[in-house]
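**Student:**
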Amino acid sequence: MSSLFGEIQPAVKEETKKVAVSTIIGVVLMWAAFAVLHAAMPGQIPLDYTVFLAGIGGGAIAVLNFFLMGLTVQKVALDKDDDTARLRMRSSYSRRMLLQMLWVVAAIVIPCFQFAAGIIPLFFPSIGIKITGILKK
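Counting the sequence shown from 1 gives a position; this note's numbering is that position plus 1.
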């Protein structure tokens with residue numbers, strides 16, 4: 002793995018672990034919400050393999066997006082040229098947003114995914130970071 006990504010700094014690893022944990026918690030809570038809503042409205046809210054598969058896929062994309070951002074920030078911090086750093090950051094952002102958009106389209110179009118369960122986990126890293134920041138204060 003180190004040859005593919007270079008040397009991963011401990012801060013990137015640690016923060017990615019925190020984001021992964023908060024995303025997993027978020028996905029499990031989302032599944033619980035789907036279960037409650039399914040019990041209340043079984044004809045409208047599904048609770049089948051599509052919900053679980055979409056949650057896993059969306060959570061994985063969310064954590065991967067954060068990890069790739071961390072790697073980019075790590076590389077940008079080493080850049081001596083500001084223009085190169087800006088270009089690298091902008092390029093990374095575009096690629097990561099494309100990855101997320103492709104996932105959203107896949108979650109909507111491919112029948113083995115429940116679209117909402119695939120899209121909602123993309124918000125969990127941000128929510129987890131905000132909750133962690135609030136709890137630390």
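Virtual Cβ for every residue (Gly too), placed ideally from N, Cα, C. A quick note: this is a predicted structure, and the numbers were derived from the prediction, not measured.
Taking the alpha helix (DSSP H) that I132 falls in, what are its first and last residues?
**Tutor:** For the purposes of this step, residue 132 is identified with residue 131 of the sequence shown, where counting begins at 1. F125 to K137 is the span of the alpha helix (DSSP H), which, as asked, contains I132.
**Student:** Can you tell me which of the three DSSP states K81 falls into?
**Tutor:** Taking the first residue of the sequence shown as 1, we reach residue 81 at position 80. Here K81 sits in coil by DSSP.
**Student:** Determine the contact status of F114 and L38, defining contact as a CB-CB distance below 8 Å.
**Tutor:** Position 113 of the sequence shown holds residue 114. Position 37 of the sequence shown holds residue 38. Taking 8 Å as the Cβ cut-off, F114 and L38 do not qualify as a contacting pair.
**Student:** Please determine if the region 80 to 88 and the region 40 to 56 are in contact, where contact requires at least 3 C-beta pairs separated by less than 8 Å.
**Tutor:** No: fewer than three Cβ pairs fall under 8 Å.
**Student:** Does the region 26 to 34 come close enough to the region 94 to 114 that 3 or more CB-CB pairs lie under 8 Å?
**Tutor:** Flag = no, the region 94 to 114 and the region 26 to 34 do not touch.
**Student:** Out of V74, V28 and R91, state which residue places its alpha-carbon closest to the alpha-carbon of V13.
**Tutor:** The residue labelled residue 13 in the question sits at position 12 within the sequence shown. Ranking V74, V28 and R91 by Cα distance to V13 puts V74 first.
**Student:** To the nearest angstrom, how far is the alpha carbon of L48 from that of P112?
**Tutor:** Along the sequence shown, one-based indexing puts residue 48 at 47. Along the sequence shown, one-based indexing puts residue 112 at 111. Near 14 Å, if we compare the C-alpha coordinates of P112 and L48.
**Student:** For the putative contact between G27 and G129, defined by C-beta atoms under 8 Å, what is the C-beta separation to the nearest angstrom?
**Tutor:** Start at 1 with the first residue of the sequence shown, and residue 27 comes out as number 26. Start at 1 with the first residue of the sequence shown, and residue 129 comes out as number 128. With a Cβ gap of about 7 Å, G27 and G129 count as contacting.
**Student:** Quick check: is any heavy atom of the ligand MN less than 7 Å from the C-beta of L72?
**Tutor:** With respect to the ligand MN, the structure offers nothing, as it holds no ligand at all.
**Student:** Please classify E15 as buried or exposed, where buried requires at least 16 other C-beta atoms within 10 Å of its C-beta.
**Tutor:** As a working note, residue 15 is residue 14 in the sequence shown. It is exposed - the Cβ of E15 has fewer than 16 other Cβ atoms within 10 Å.
**Student:** Taking the alpha-carbon positions, what's the K131 to S23 distance?
**Tutor:** Stepping through the sequence shown from its first residue, residue 131 is reached at position 130. Stepping through the sequence shown from its first residue, residue 23 is reached at position 22. Between K131 and S23, the C-alpha separation is close to 11 Å.
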